[in-house]
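Going by the numbering used here, the first residue of the sequence shown is number 2, and it counts up by one from there.
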Amino acid sequence: MIDKRQILTANPLLSGLPSDVVEQLMAVSVVRELLDSERLYSQGDNGDGLFGVIQGRIRLSNCSKEGKELLVMLVEPGDWIGEISLLDGLPRSHDAVAVGDSAVLFLPRAKFDALLKARPELYQFFIPMLCRKLRLALSYVEGAALFSLTERLAQRILELLKFYGVDDGGKGTLINVHLPQEDLAKMLGVSRQAISRELKRLENDGVIELAYGKLRVMDPHALERALV
2 MIDKRQILTA
12 NPLLSGLPSD
22 VVEQLMAVSV
32 VRELLDSERL
42 YSQGDNGDGL
52 FGVIQGRIRL
62 SNCSKEGKEL
72 LVMLVEPGDW
82 IGEISLLDGL
92 PRSHDAVAVG
102 DSAVLFLPRA
112 KFDALLKARP
122 ELYQFFIPML
132 CRKLRLALSY
142 VEGAALFSLT
152 ERLAQRILEL
162 LKFYGVDDGG
172 KGTLINVHLP
182 QEDLAKMLGV
192 SRQAISRELK
202 RLENDGVIEL
212 AYGKLRVMDP
222 HALERALV
């Protein structure tokens with residue numbers, strides 16, 4: 002059985018929510034289950050609420066008219082999406098699609114707005130979500146404009162390490178998310194061949210180890226030095 006309370010308190014940004022607010026949010030939220038590759042929402046849809054990922058993963062991306070995909074991020078259980086449209090009232094800025102059978106906790110916008118109107122002090126828990134996405138977006142813009150592919154790849158691996166890194170029993174730090182090279186290429190807006198060459202160079206230098214759909218970081222300091 003899915004525990005709504007867990008998703009409401011698992012995110013560090015929301016862990017300080019008053020217990021009565023958690024109960025209110027539990028009362029108005031609903032669980033939505035998604036099949037693999039099922040669309041949660043599309044770019045341009047109305048922002049009808051906030052979603053907390055409970056199971057599986059949600060893929061956030063944009064596509065050009067020619068069908069080229071820019072992969073923004075993979076959202077793991079415990080994290081939230083949809084806060085931008087929820088707070089500014091504008092349409093969704095990305096496509097959101099399930100990766101594997103997934104489940105999300107949905108907080109309807111009308112109920113959420115009513116709660117914030119009655120308890121404006123609660124904005125302190127939700128505004129940081131928006132700020133984190135803004136900082137992430139600014140780092141992508143900066144990287145595309147100023148950094149080489151080597152630097153951008155090092156930056157993205159370090160970001161993934163921060164969000165998904167787990168100790169691998171003394172064998173480095175595993176990025177614990179299925180990460181095909183094609184997805185890394187879509188994250189950086191370059192060809193798979195270009196990413197493959199960079200990854201192979203890093204592996205030859207002992208910085209990372211590659212396996213099918215997996216990436217293990219052996220020397221994070223070498224990645225940090227690439228950004229200096």
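We treat Cβ as the ideally placed atom computed from N, Cα and C, and that holds for glycine.
- Pairing Leu116 with Ile82, the inter-Cα distance amounts to about 18 angstroms.
- Between the C-alpha atoms of Val23 and Leu150 there is a straight-line separation of about 43 angstroms.
- The shortest CA-to-CA distance from Ala104 to any of Phe127, Tyr124, Pro121 and Pro78 is the one to Pro78.
- Contact check between the stretch 169–179 and the stretch 204–217: three or more CB pairs, one atom from each, fall below 8 angstroms, which counts as touching.
- In this structure, the beta-carbon distance from Met188 to Leu72 falls below 7 angstroms.
- Secondary structure at Leu108: strand, using DSSP grouped into helix, strand and coil.
- As computed with DSSP, Ser103 is found in a beta bridge with Leu35.
- Just measuring C-alpha positions, the residue of Leu9, Gly101 and Leu41 sitting nearest Asp21 is Leu9.
- Less than 7 angstroms separates the beta-carbon of Ser30 from that of Leu108.
- Counting along the chain, the unbroken alpha helix (DSSP H) around Phe164 starts and ends at Leu150 to Tyr165.
- Under the DSSP assignment, Val178 falls outside any alpha helix (DSSP H); it carries neither an H nor an E label.
- Lys163 and Asp80 have their alpha carbons spaced roughly 14 angstroms apart.
- For the set Pro92, Asp169, Asp114 and Leu175, the Cα lying nearest the Cα of Ile158 is the one of Leu175.
- Straight through space, the alpha carbons of Ser94 and Ala195 are spaced by roughly 27 angstroms.
- By the neighbour-count criterion, in which a residue is buried when 16 or more other Cβ atoms sit within 10 angstroms of its Cβ, Glu84 is buried.
- Within a 10 Å sphere around the beta-carbon of Leu36 sit fewer than 16 other beta-carbons, which makes this residue exposed.
- With respect to the C-alpha of Ala99, the residue from Gly17, Ile59 and Asp206 having the closest C-alpha is Ile59.
- Take Gly17, set aside five residues on each side of it, and the residues of its chain with a beta-carbon closer than 8 angstroms to its own are Phe126, in chain order.
- With fewer than 16 other CB atoms across the displayed protein chains lying within 10 angstroms of its CB, Leu137 is exposed.
- Bounds of any alpha helix (DSSP H) do not take in Met219, whose DSSP letter is neither H nor E.
- Under the three-state reduction of DSSP, Val142 is assigned to helix.
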